[in-house]
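Visitor: This is the structure I want to talk about, given as structure tokens.
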Amino acid sequence: MSNESSHEDGVRGVFSTMKKSWIGTGTTRRKVDVQVYVYAEQDGDSVRVQELNENYLPSGEESEVSLEEFLAGYTPDPEVYEKKMQPAVRKLTKTLAKAERQRQQGEVYSAEFEFKNALDMDGENVRANFGLGLTYLDRGDTKEAERVLKKLVNLAQTFSHDNKHLFNEFGIKLRKSGMYDQALAYYGRAMQIASQDENLFYNIARTLYDKGDMEKGLVFVDKALALRSGFNEAEQLKQVMEKKRAE
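Under the working numbering, the first residue of the sequence shown is numbered 157, with each subsequent residue one higher.
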């Protein structure tokens, strides 16, 4: 990241803008202008914008505005970027790295503590939510894992390409924990976003196989093979499922 509001790739940095917000209740409820900070990055003729939370971290869904609209309505604030956002991002990154290291070492309670620290900084951080959910599954706490799952399926970034490895790990862990219906609901949500993904169809078929539903499983394994012929794992799974169905 650069603390410049403009560089060779275009606009990037922290900016402020005014937006309408409701305050008060009942008869005193009214709309006022409030200042908000955003992190912005130019992408061609548009700018991707993400609001900073109370801890000065980019959080929540991104929106996109035209470059012309952005330049007219947003003011650069390099000081907030340098003195607030950058230190906050470094702290969050360090906390997540520590949590993930502890989880890999089997220190599940220490990992849970650090993932929760990260979520205190940014409750919508997908990496922290995945990490916490995986930690619960590591120790067999399916009730808490399901609570995290319900949150994850409502976060748009859960299904982004950047988080694909975490998405896959979490789905496989759900299946191996015997949470078949939860895994299928999780994959079903992903299908609404990526409806032509052979790996997703394979994972659904594998979950249905473990659940004992060969008929539905074969439907999805065929979908995987239709998208990618020569998909060895899917071909092997299909053979096993057909054999099971014939028994």
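A virtual CB, placed ideally from N, CA and C, is assigned to each residue, including glycine. These figures come from a predicted structure and were not determined experimentally.
Does the distance from the C-beta atom of G343 to that of L356 stay below 8 Å?
Guide: Note that residue 343 is Tyr in the sequence shown here, rather than Gly. Yes, these two residues count as a Cβ contact at 8 Å.
Visitor: Per DSSP, P214 is paired with what?
Guide: Partner(s): L208.
Visitor: Given this structure, state the Cα-to-Cα distance separating D233 from D201, to the nearest angstrom.
Guide: Distance between the alpha carbons of D233 and D201: 21 Å.
Visitor: Does the stretch 242-259 come within contact of the stretch 274-284, defined as at least 3 CB pairs closer than 8 Å?
Guide: Contact holds: three or more Cβ-Cβ distances are below 8 Å.
Visitor: With distances taken Cα to Cα, identify the nearest neighbour of V236 among Q261, G166, S219 and E210.
Guide: For V236, the nearest C-alpha among the options comes from E210.
Visitor: Taking the beta strand (DSSP E) that V245 belongs to, which residues open and close that run?
Guide: Here V245 belongs to no beta strand (DSSP E); instead the alpha helix (DSSP H) covers Q242 to Q260.
Visitor: Starting from D189, trace the beta strand (DSSP E) in both directions and tell me its first and last residue.
Guide: Run containing D189: R186 to D199, per the beta strand (DSSP E) assignment.
Visitor: Between N281 and D378, what straight-line distance do the alpha-carbon atoms span, to the nearest angstrom?
Guide: Rounded to the nearest angstrom, the two C-alpha atoms are 35 Å apart.
Visitor: Quick test of your reading: V192 and F226, contact by CB under 8 Å. State the CB separation rounded to the nearest angstrom.
Guide: Wrong, their Cβ atoms sit about 14 Å apart, outside the cutoff.
Visitor: Taking DSSP's pairing of strands, which residues face T173 in a bridge?
Guide: T173 pairs with V192.
Visitor: Buried or exposed for Q338, please, with buried defined as at least 16 other CB atoms from any protein chain shown within 10 angstroms of its CB.
Guide: With 16 or more other Cβ atoms within 10 Å, it is buried.
Visitor: Are at least three pairs of beta-carbons, each pair with one atom in the stretch 260-272 and one in the stretch 303-314, less than 8 Å apart?
Guide: With a cut-off of 8 Å, the stretch 303-314 and the stretch 260-272 do not count as touching, because too few Cβ pairs lie within range.
Visitor: Can you tell me whether R168 is helix, strand or coil according to DSSP?
Guide: Strand.
Visitor: Can you check which of these residues, K239, L311, E197 and Y230, is closest to V167 by C-alpha distance?
Guide: The residue with the shortest Cα to Cα distance from V167 is E197.
Visitor: For R362, which residues in the same chain have their Cβ closer than 6 Å to its Cβ, ignoring the five residues on either side in sequence?
Guide: Cβ neighbours of R362 beyond the five flanking positions: none.
Visitor: Would you kindly check if the distance between the Cβ of V245 and the Cβ of L288 is under 8 Å?
Guide: Contact flag unset, no.
Visitor: So, helix, strand or coil for T231, using DSSP?
Guide: Note: T231 maps to strand in three-state DSSP.
Visitor: Rounded to whole angstroms, what is the Cα-Cα separation between A267 and R259?
Guide: Rounded to whole angstroms, A267 to R259 spans 5 Å at the Cα level.
Visitor: With M241 and Y195 assumed to form a contact (beta carbons below 8 Å), what rounded beta-carbon distance in angstroms separates them?
Guide: About 7 Å separates the two Cβ atoms, so the contact holds.
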